[in-house]
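Q: The structure is given below, and queries will be raised subsequently.
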Amino acid sequence: MKQDKLIALALLMVAFSAVSGLALITVFIFKEGLPIIVKTGPGNFFLSSDWDPSSGNFGIFSMIAGSLAVTVCAMVIGTVFGLGLAIVLGEFCPPGLAAILKPVVELLAGIPSVVYGFVGVVTIVPLIRTYLGGPGLSVLASSIVLGIMVLPTVTSISMDALRAVPRSYWQGSIALGATKWQTTHMVMLKAAKSGIAAAIILGMGRAVGETMAVIMVAGNTLEVPHGILDPVRTLTSNIALEMGYASGQHREALFATGVTLFVIIMILNTVALVMARRGAGEGRTR
Amino acid sequence: MRRLSPRTAQQIVVSIMWMLAAATVGTLVFIIAFILFHGLPHVTWEFLTQSPVSMGRKGGIFPMIVGTAMVSGLAVIIAAPIGVATAVYLTEYTRESRITAVIRFGADCLAGIPSIIFGLFGFVFFTITLGMGLSVLSGALTLALMVLPTIVRTSEEAIRAVPYAYREVSYGLGSTRWQMVTRVVLQSAMPGIFTGIVLSLGRSISETAAVMLTAGSALGLPSSLFDSSRTLALHFYILSREGVSMSNAYATASVLIISILVLNVFAYWLMHKLVRKPR
């Protein structure tokens, strides 16, 4: 028995490595980034669009706006396609076809983000430039690329949520004479709404955090976008673009950009976790 | 306007959704076909086995293949035992409690953190604070932390899928808990655990932002864990973004895509083997 206790203790210590990793990340990102936010003043840092590292001006408003614009537009695309696919796979698809579609979605998640970015640059960007005007590298181009990239997240988590709805709901609704689609949108989607919300929020976290694909298609200019055809720079691309040569205050300011990103992601994650838990609770208690 | 009959409404909606599904599949096929169409003709034996010449304009990608294998392989070798041990603890050695809630919260949050943040952290922690420099080791440790949640989650699912009767029988035959876990539970959960590990390997191969800040972008062949090394994904990024050589960029992307495809198919096959296994 003594040996058993020792093993349990050892495993417990190993099991805490994920938590300690998270703690280390938090501590180090904040330690590097927070001083410059305090020094510049949070008002200046977050609300000014003047980013000029060589003269010591660090305002990230245009990037916050950029990330926001890209993420919101990407989520429209990602949600429509992702949720649509989840419904098809979960409720309307013959099992044989689902066996093909599911690995397709998984594979879509496995393709490297640089490849998405690259294919975006050589296909979507010229199309936008020719047919819609503007430089092509734009909010729209990044949203399309990101929309495709977050689709697997939205699809797989929404499917889990739909699957967690008791099958008797479906059977009851069909028995009352509702069509499959009526059942889906009046019963299943309602019952799974917390889980689906969690899926969308987690997808949003993916979109905010995506770096390499966005760098390649967003244009990276330092201005607040006025339309979906304007180029933007996001928080993530700011870090990745300038980290290579930054030093001193400039590097600190990039870490501060990371702090901003980190806080946004943690808020989104926590909301998604709460939503997912509520969703799981609904499935069980009723 | 007359209301649509429910049946017509269903037909319309369902056909729209089928179109969405078809568009998704079409996108995947298009991306893969596009890259392979432009890249495969340039993937030759020489390309795979030679070093790059003049920053990748000519020559091959051999050092990047080695670098990728070292960084991703090491990342998975580090993360797998930790991840599986965490899963074993969560499933076999404890009940749901505040401690497991904290561990799960940590893993879930870690899973949501963007790769660029891992990159920043790896840069300041492994390369600077611990003095490892831009190296294979820094990159591998950063990636290990990044794929850890995936391994924990897939291993946990695989272990939970092992029938409870197996454990009872093992106890009934007089084994200790450790014997039961190592000889019975892990044995039958192995395909599932392995699937998670293979998928994590795929994820570390495709990662770019985090390795850019931790493993660096040296073009040479890494001779030790403390050498900087450029991975395939980063090489592809640099080639295409700086317009060094489009044909070599496509060829590198083809190698990348094919490795991801092979890993995914392998993982899928493993998972099916797991499902079909007669019990």
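Protein chains in written order, with our numbering: chain C, 127 to 412; chain U, 40 to 318. We put the CB at the ideal spot given by N, CA and C, even for glycine. Only a predicted model underlies this, so the values are computations on that prediction, with no experimental measurement involved.
1. For V163 of chain U, tell me which candidate among C:R359, C:L150, C:P278, C:E349 has the shortest Cα-Cα distance.
2. My assumption, with CB atoms under 8 Å, is that V334 of chain C sits in contact with T197 of chain C. Please give the rounded CB distance.
3. Taking P188 of chain U as part of the alpha helix (DSSP H), name the residues at either end of that continuous run.
4. Between the C-alpha atoms of P45 of chain U and Q308 of chain C, what's the straight-line distance to the nearest angstrom?
5. So, does the CB of P91 of chain U fall closer than 8 Å to a CB anywhere in chain C?
6. Leaving out five residues on either side along the sequence, give the residues of the same chain with a beta carbon under 8 Å from the beta carbon of D266 of chain U.
7. Beta-carbon separation of Y128 of chain U and A144 of chain C under 8 Å?
8. Chain U beta carbons: is any one of them nearer than 8 Å to that of P238 of chain C?
9. Please determine, among C:L194, C:A304, C:I365, C:N364, the residue with the shortest C-alpha to C-alpha distance to H352 of chain C.
10. Compute the distance between the beta-carbons of V115 of chain U and S263 of chain U, then report whether it is under 8 Å.
11. Check whether the region 288-300 of chain U touches the region 132-148 of chain U, counting contact only when three or more Cβ pairs, one atom from each stretch, lie closer than 8 Å.
12. Do S154 of chain U and M185 of chain U have their beta-carbon atoms positioned less than 8 Å apart in this structure?
13. Is the Cβ of Q49 of chain U closer than 8 Å to any Cβ of chain C?
14. Between the C-alpha atoms of G114 of chain C and I155 of chain C, what's the straight-line distance to the nearest angstrom?
15. From the beta carbon of G273 of chain C, is the nearest beta carbon of chain U less than 8 Å away?
16. Quick one: any contact between the region 162-178 of chain C and the region 370-383 of chain C, if contact means 3 or more CB pairs under 8 Å?
17. Identify the residues that DSSP records as bridge partners of P91 of chain U: which are they?
18. Anything in chain A within Cβ reach of E232 of chain C, meaning under 9 Å, just list it in chain order.
19. Does the structure place the region 355-363 of chain C close enough to the region 314-326 of chain C that three or more beta carbon pairs sit under 8 Å?
20. Kindly say whether M401 of chain C, judged by its beta-carbon, lies nearer than 8 Å to any beta-carbon of chain U.
21. Using 8 Å as the threshold, is the C-beta distance between E391 of chain C and G151 of chain U below it?
22. Strictly below 9 Å CB to CB, what residues from chain U border M392 of chain C?
23. How about A324 of chain C and M201 of chain C: do their beta carbons lie closer than 8 Å?
24. Out of curiosity, what's the CA-to-CA distance linking T411 of chain C and R404 of chain C?
25. Looking at chain U, which residues of the region 332-346 of chain C have a Cβ within less than 9 Å of any of its Cβ atoms?
26. Would you call the region 282-290 of chain U and the region 64-78 of chain U in contact, with 3 or more CB pairs under 8 Å?
27. Where does V346 of chain C fall in DSSP's three states?
28. For the region 101-121 of chain U against the region 240-252 of chain U, do three or more pairs of beta-carbon atoms, one drawn from each stretch, fall closer than 8 Å, so that the two count as touching?
29. By how many angstroms is the C-alpha of W296 of chain C removed from the C-alpha of G409 of chain C?
30. Please report whether the beta-carbon of V214 of chain C lies at a distance below 8 Å from any beta-carbon of chain U.
31. Pick helix, strand or coil for F160 of chain U, following the three-state DSSP scheme.
32. Judging by CA-CA distance, which residue of U:I277, U:L300, U:I198 is the nearest neighbour of A126 of chain U?
33. Alpha helix (DSSP H) containing A248 of chain U: first to last residue?
34. The alpha helix (DSSP H) with C148 of chain U in it runs from where to where?
35. Closer than 7 Å, Cβ to Cβ, to anything on chain U: give me those residues from the region 298-316 of chain C, in chain order.
36. Could you compute how far the alpha carbon of R216 of chain U sits from the alpha carbon of V123 of chain U?
A: By the coordinates alone:
1. Distances from the alpha-carbon of V163 of chain U to those of C:R359, C:L150, C:P278, C:E349 put C:L150 closest.
2. 5 Å
3. Boundaries of the alpha helix (DSSP H) harbouring P188 of chain U: 175-199, taken from the DSSP string.
4. 7 Å
5. no
6. S174, V175, A257, G259
7. no
8. Chain U contact via Cβ: present.
9. Taking each of C:L194, C:A304, C:I365, C:N364 in turn and checking the Cα distance to H352 of chain C, the smallest one comes out for C:L194.
10. no
11. Because the criterion of three Cβ pairs below 8 Å is not met, the region 288-300 of chain U and the region 132-148 of chain U do not touch.
12. yes
13. yes
14. The question about residue 114 of chain C has no answer here: the residues shown for chain C are numbered 127 through 412.
15. no
16. The way I'd put it, the region 162-178 of chain C does touch the region 370-383 of chain C; three or more beta-carbon pairs between them come closer than 8 Å.
17. U:G98
18. The structure shown contains no chain A; its protein chains are C and U.
19. no
20. no
21. The question names Glu, but residue 391 of chain C is Ile in the sequence shown. Result yes, Cβ atoms of I391 of chain C and G151 of chain U sit closer than 8 Å.
22. C148, G151, I152
23. no
24. Here the model assigns T411 of chain C a pLDDT of 43, short of 50, so the residue's position is not dependable, and the following value carries that caveat. Going by the C-alpha atoms only, they are around 10 Å apart.
25. R332, V334, G335, E336, T337, M338, I341, M342
26. Yes: the two stretches touch, three or more of their Cβ pairs being nearer than 8 Å.
27. A small correction: the amino acid at residue 346 of chain C is Asn; Val does not occupy that position in the sequence shown. In the structure shown, N346 of chain C sits in coil (DSSP, three-state: anything other than H, G, I, E or B).
28. A contact exists between the region 101-121 of chain U and the region 240-252 of chain U.
29. Confidence at G409 of chain C is low in this model, with a pLDDT of 49, below 50, so its placement is unreliable and the value that follows should be read with caution. Going from the Cα of G409 of chain C to the Cα of W296 of chain C covers about 13 Å.
30. Cβ-Cβ to chain U under 8 Å: yes for V214 of chain C.
31. helix
32. U:I198
33. 248-253
34. 137-151
35. T305, K306, W307, Q308
36. 16 Å
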